[in-house]
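K.L.:
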């Protein structure tokens, strides 16, 4: 057992899970902020040089977990580790955001898909990408094909 | 405070931090495995359709944290959230691996940069990339330029 604690909180336009765009073709263009607690603010030095960040956060409103999940983008169930379901054994979320600006310990970002008040666990610089042509996307690609999207 | 527990462990060729390639131009081509505990194995259903996975894991041999870090790729210090330092407020590591194959609850992967026995917290499918031409990489790009690499 390992204990984690919030280093800050997400400011998001989404108040409830139903507000967050989901399913095939959902775009995450929402703007919001990452408000880092004053005691961790020194950890943000030089972060403004990066265009994109990984945000690790807590699905704090998810209850328990299940080993299979039915994602909104498919009508079939899949193993939870092959999905982004909130109901996971360790309820950690991962989002890539674009960094728009920084004012002190507040990072303005685009690409928010978390709820208002979500606890932030960590921020890391996004350093490199797997080229799109090297990616296989399993059931998600199949679901897109079936829907003709 | 939130409690996390291992869903499995990394099998890695690296026994000690000094064994892991670090610094500018370090390549992570090492092969290893993610061994998921039997009670979570059902969560792997359909994962073999994905070429790449995010692995969230615990820096279980890091002691405490500091808000600034001196990465091996630079001779300057930066805020910990602008680095991949193990000594972070929540000691979570994030690695993108290529999935080579699955035998039951064991995933063979390439791109290991964790130590042997590292606790795994979560696995997620890697669904999309930020195009390389859209990335700015802050101090890392500066350090590469200064070293002419």
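Chains as they are written, first to last, in my numbering: chain A, 1 to 149; chain B, 1 to 149. From the three backbone atoms N, C-alpha and C, an ideal C-beta is built for every residue, glycine too.
In chain B, what lies closer than 8 Å to residue 129 of chain A by C-beta?
P.N.:
Under the 8 Å cutoff, chain B gives 129, 130, 131, 132 and 135.
K.L.:
Given that a residue counts as buried once 16 or more other Cβ atoms are within 10 Å of its Cβ, and exposed if not, what is residue 148 of chain A?
P.N.:
By the 10 Å Cβ count, residue 148 of chain A comes out exposed.
K.L.:
Check whether the Cβ atoms of residue 66 of chain A and residue 87 of chain A sit closer than 8 Å, and answer yes or no.
P.N.:
Yes, they are a contact pair.
K.L.:
When DSSP labels each residue in this structure, what does residue 35 of chain A get in the three-state scheme?
P.N.:
Reduced to three states, the DSSP call for residue 35 of chain A is strand.
K.L.:
Can we say the stretch 71 to 89 of chain B touches the stretch 35 to 49 of chain A, given the rule of at least three CB pairs closer than 8 Å?
P.N.:
Yes, the stretch 71 to 89 of chain B is in contact with the stretch 35 to 49 of chain A.
K.L.:
Our contact map puts residue 99 of chain B next to residue 109 of chain B with C-beta atoms below 8 Å; I'd like the distance itself, whole angstroms only.
P.N.:
Yes, residue 99 of chain B and residue 109 of chain B are in contact; Cβ-Cβ is about 6 Å, under 8 Å.
K.L.:
Taking the continuous beta strand (DSSP E) assigned at residue 159 of chain A, which residues delimit it?
P.N.:
Outside the displayed range of chain A (1 to 149) lies residue 159 of chain A, so it cannot be described from this structure.
K.L.:
Quick check: what's the CA-CA separation for residue 118 of chain A versus residue 63 of chain A?
P.N.:
If you take the alpha carbons of residue 118 of chain A and residue 63 of chain A, they lie about 15 Å apart.
K.L.:
Take residue 1 of chain B as the anchor and find which of A:26, A:58 and A:52 has the nearest alpha-carbon.
P.N.:
Measuring from the Cα of residue 1 of chain B, the nearest candidate turns out to be A:58.
K.L.:
Going by the DSSP bridge assignment, what does residue 79 of chain B pair with across the sheet?
P.N.:
DSSP lists B:68 as partners of residue 79 of chain B.
K.L.:
Please report whether the beta-carbon of residue 57 of chain B lies at a distance below 8 Å from any beta-carbon of chain A.
P.N.:
It does not: the Cβ of residue 57 of chain B has no partner Cβ on chain A nearer than 8 Å.
K.L.:
Out of A:113, A:30 and A:83, state which residue places its alpha-carbon closest to the alpha-carbon of residue 70 of chain A.
P.N.:
Residue 70 of chain A has its Cα closest to that of A:83, out of A:113, A:30 and A:83.
K.L.:
Taking residue 122 of chain A as part of the beta strand (DSSP E), name the residues at either end of that continuous run.
P.N.:
119 to 125 is the extent of the beta strand (DSSP E) around residue 122 of chain A.
K.L.:
As a quick exercise: from A:122, A:53 and A:18, pick the residue whose alpha carbon is nearest that of residue 61 of chain A.
P.N.:
The shortest Cα separation from residue 61 of chain A among A:122, A:53 and A:18 belongs to A:18.
K.L.:
If you compare alpha carbons, which of A:123, A:135, A:131 and A:128 is closest to residue 54 of chain A?
P.N.:
Selected option, being the one with the closest Cα: A:123.
K.L.:
Just verifying my parser: in three-state terms, what is the DSSP assignment at residue 43 of chain A?
P.N.:
In the structure shown, residue 43 of chain A sits in a helix (DSSP, three-state: H, G or I).
K.L.:
Is the CB of residue 123 of chain A under 8 Å away from at least one CB in chain B?
P.N.:
It does: the Cβ of residue 123 of chain A has a partner Cβ on chain B nearer than 8 Å.
K.L.:
Is it buried or exposed, residue 33 of chain A, if we count other Cβ atoms within 10 angstroms and call 16 or more buried?
P.N.:
It is buried - the Cβ of residue 33 of chain A has at least 16 other Cβ atoms within 10 Å.
K.L.:
Give me the subset of the stretch 27 to 57 of chain B whose CB atoms are less than 7 Å from a CB atom of chain A, sorted by chain position.
P.N.:
Answer in chain order: 40, 42, 43, 44, 45, 46, 47, 49, 50, 51, 52, 54 and 56.
K.L.:
Please report the straight-line C-alpha distance between residue 5 of chain B and residue 133 of chain B, rounded to a whole angstrom.
P.N.:
Their Cα atoms are separated by approximately 37 Å.
K.L.:
Taking the alpha helix (DSSP H) that residue 140 of chain A falls in, what are its first and last residues?
P.N.:
Residue 140 of chain A -> alpha helix (DSSP H) spans 138 to 147.
K.L.:
From the DSSP output, in three-state form, read off residue 49 of chain A for me.
P.N.:
Helix.
K.L.:
From the DSSP secondary-structure annotation, give me the bridge partner or partners of residue 2 of chain B.
P.N.:
Paired residue(s): A:4.
K.L.:
Could you name the residues of the stretch 85 to 118 of chain B whose beta carbon sits closer than 7 Å to any beta carbon of chain A, in the order they occur along the chain?
P.N.:
Per Cβ criterion, the list reads 88, 89, 90, 92, 94 and 96.
K.L.:
Does the beta-carbon of residue 11 of chain A have 16 or more other beta-carbons within 10 angstroms, so that it is buried, or is it exposed?
P.N.:
By the 10 Å Cβ count, residue 11 of chain A comes out buried.
K.L.:
Is the CB of residue 138 of chain B under 8 Å away from at least one CB in chain A?
P.N.:
Closer than 8 Å: yes.
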